[in-house]
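Single-structure report; data block below.
In full-length UniProt numbering, the protein residues as written are 1 to 281.
Dropping the structure here:
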């Protein structure tokens, strides 16, 4: 199985060349405590048996400056591609997106909140951002959205308004699965299953949550596959944000998805990523 990771991060050890300027003015703890350069990540990939990766820009380190993720991935063309962030509300956002794509960017991500800020999905339905989405459709670039359950109605709106853009939901939109089957508390997530351009990113957060309370991997993951199809699910390590080695993080994911068929796992661990990021083919 050709394993592809669509959610690692990299942090440069050269702050003069790549100065931190975190989004919202607060730098994430993990980026200071567990930084990983592109060279360190590639070594971790080799150790873990991960063939390729779509590296997600660290907004909580560099804001909207995608220089390091682009430069790092360009050192390993064919093995790594860069997923960046831009100010979706900027007047010149179409030109900015085009400029980064010309430097090698293969996708974008909206960070509406997380470790350094409470979720605020209001940016998602701001009409001023729609010109950025139109550019994504034109360039055939996917968009990752980092949000929680409160942002899922906005995800539906965007998926319907821009059907030509593949939307990847980071961490599955952080669903509450602790109630166990039939997972009524995650109804907001399953309500998106009818949208063919909505994809799910499975990261350590969900593999941890399915081991708590009434949830289980054996009841949750088959339910997600039944609703969305494995062809719209992909694995992401969140390394080094999530603690542990990349090898251990992958092992946890393999254990969690052992209840699925070989074909479903092949999609989740690699084939879906090639659909989303064709430059990795």
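The beta carbon of each residue, even a glycine, is placed where N, CA and C say it ideally should be.
Over the uninterrupted beta strand (DSSP E) stretch that includes residue 80, give me the two end residues. Taking the chain shown and counting its residues from 1, one reaches residue 80 at position 80. Per DSSP, residue 80 belongs to the beta strand (DSSP E) from 80–84.
Would you call the CB atoms of residue 38 and residue 57 closer than 8 Å? On the chain shown, residue 38 is found 38 positions in, with the first residue counted as 1. On the chain shown, residue 57 is found 57 positions in, with the first residue counted as 1. In this structure, residue 57 does not lie closer than 8 Å to residue 38 by Cβ.
Write down every uninterrupted run of the alpha helix (DSSP H) in the stretch 27–110 whose length is 4 residues or greater and which is fully enclosed by it, in chain order. 29–33, 38–48, 59–62, 67–74 and 93–103
DSSP on residue 5, reduced to helix/strand/coil? Within the chain shown, the letter at position 5 stands for residue 5. Three-state result, residue 5: strand.
Any chance the stretch 15–31 sits against the stretch 255–275, with 3 or more Cβ pairs inside 8 Å? no
From residue 75 to residue 13, what distance separates their C-alpha atoms? Sequence index remark: in the chain shown, residue 75 carries index 75 (1-based). Sequence index remark: in the chain shown, residue 13 carries index 13 (1-based). Roughly 16 Å between the two C-alpha positions.
At what residues does the beta strand (DSSP E) containing residue 199 begin and finish? In the chain shown, residue 199 corresponds to position 199, counting from 1. 198–202 is the span of the beta strand (DSSP E), which, as asked, contains residue 199.
Residue 88 classed as buried or exposed, judged by whether at least 16 other C-beta atoms fall within 10 angstroms: In the chain shown, residue 88 corresponds to position 88, counting from 1. Its Cβ being crowded by 16 or more others within 10 Å, residue 88 is buried.
Would you decide whether residue 265 is buried or exposed? Buried here means 16 or more other CB atoms lie within 10 Å of its CB. Taking the chain shown and counting its residues from 1, one reaches residue 265 at position 265. By the neighbour-count rule (16 or more Cβ atoms within 10 Å), residue 265 is buried.
Bridge partners of residue 231, per DSSP? Counting from one through the chain shown, the residue named residue 231 turns up at place 231. Partner(s): none; residue 231 has no beta bridge.
How long is the line joining the alpha carbons of residue 126 and residue 97, rounded to whole angstroms? The residue given as residue 126 occupies position 126 in the chain shown. The residue given as residue 97 occupies position 97 in the chain shown. Going by the C-alpha atoms only, they are around 18 Å apart.
Give the secondary structure of residue 168 by DSSP, where H, G and I count as helix, E and B as strand, and everything else as coil. Taking the first residue of the chain shown as position 1, residue 168 is located at position 168. Residue 168 falls in the strand class under three-state DSSP.
Anticipated Cβ contact below 8 Å, residue 214 with residue 179, distance rounded: Within the chain shown, numbered from 1, the residue matching residue 214 stands at position 214. Within the chain shown, numbered from 1, the residue matching residue 179 stands at position 179. Contact holds; Cβ gap of about 6 Å.
With DSSP as the reference, label residue 145 as helix, strand or coil. Numbered from its first residue, the chain shown carries residue 145 at position 145. The answer is strand: DSSP assigns residue 145 an E or B state.
Should the stretch 14–23 be regarded as contacting the stretch 215–225, the criterion being three or more beta carbon pairs within less than 8 Å? no
For residue 125, three-class secondary structure by DSSP: In the chain shown, residue 125 corresponds to position 125, counting from 1. If DSSP states are grouped into helix, strand and coil, residue 125 belongs with the helices.
Would you check if there are 3 or more beta carbon pairs closer than 8 Å linking the stretch 197–204 to the stretch 163–171? yes
I'd like to check one pair, residue 236 with residue 5: are the Cβ atoms closer than 8 Å? Sequence index remark: in the chain shown, residue 5 carries index 5 (1-based). Sequence index remark: in the chain shown, residue 236 carries index 236 (1-based). Against a cut-off of 8 Å, the Cβ pair of residue 236 and residue 5 comes out as a contact.
Alpha helix (DSSP H) containing residue 342: first to last residue? Because the chain here runs from 1 to 281, residue 342 falls outside it and cannot be looked at.
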